[in-house]
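If you read the sequence shown in the working numbering, its first letter stands for residue 9, the second for the next number, and so on. Where a beta carbon is used, it is the ideal one built from N, C-alpha and C, also for glycine. Predicted model, so just to flag it, every value in this text is computed and none were measured. Here's the structure, in structure tokens; my notes come after.
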Amino acid sequence: MTLLDLRARPNPLSIEVPEIVRDLWSRRLVDIVKIPHPALRREAESVGRPTPEIRRIVDRMRDAMKADRGMGLAAPQLNINLRILVYRLPEDNAPFRVMIDPHLISAKGEQVGSEGCLSIPYLIADVRRPKEIIVKATDILGRTVRRRASELEARVILHEMDHLDGILFVDRAEASTFHWELPESSGLTSASSVVR
């Protein structure tokens, strides 16, 4: 077994990564970086005005997110040190959204919900986050936008914004809630996890 070292948390812990999980990670074809890749712990740099290169990066992010069946993705997860996030909620006809240089304007309320991450596949834990937020960002056309979000959308945006500051969901998660959820295609239904 391999240990995930989570010393960046307020209450440091380590999580054992069973070999079956490591094997499943190695089979994933998408180029999303996995923990402990250093890109996941860096603070990303501001973008400013979107350029054709930024549009190509956003296209690559959308393709990677879709291929790995994620709801959101931040540029550092593709080893791109820029403040860009993309997301699409699982509802029918939900739009694909892009936020460049996002800033949290306000947050209120509280919610606790399960989160996972494409950079730590199959690990799930409960995370406490604001229930409603307003975020200011630049869209792909270079326009300043404000997005009011609540519930799942707020959770997804905040999760991806954390990536832009080198923070992972495991840094905010309740330690007693960590567990592995393996895909049905693995032939296994669970993997043991030891939190230390």
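- Residue range E159 to L172 is occupied by the alpha helix (DSSP H) that includes L160.
- With 16 or more other Cβ atoms from the protein chains shown falling within 10 Å of its own Cβ, A157 counts as buried.
- Put simply, the backbone Cα of I113 is about 28 Å away from that of I132.
- Shown here, R50 sits in coil according to DSSP, grouped into three states, outside any helix or strand.
- Shortest Cα-Cα distance from V25 to any of I142, G121 and Y130 involves Y130.
- In the DSSP assignment, D109 falls outside any alpha helix (DSSP H) and lies within the beta strand (DSSP E) extending over R105 to K116.
- DSSP, reduced to helix, strand and coil, places A102 outside both helices and strands of the structure shown, so it counts as coil.
- Residue pairing from DSSP places W188 in a beta bridge opposite L131.
- With a threshold of 16 other beta carbon atoms within 10 Å, T146 meets it and is buried.
- For R105, the closest alpha carbon among the candidates E118, V164 and R136 is that of V164.
- Distance check between G121 and each of F177, E51 and I23 places F177 closest, using alpha-carbon atoms only.
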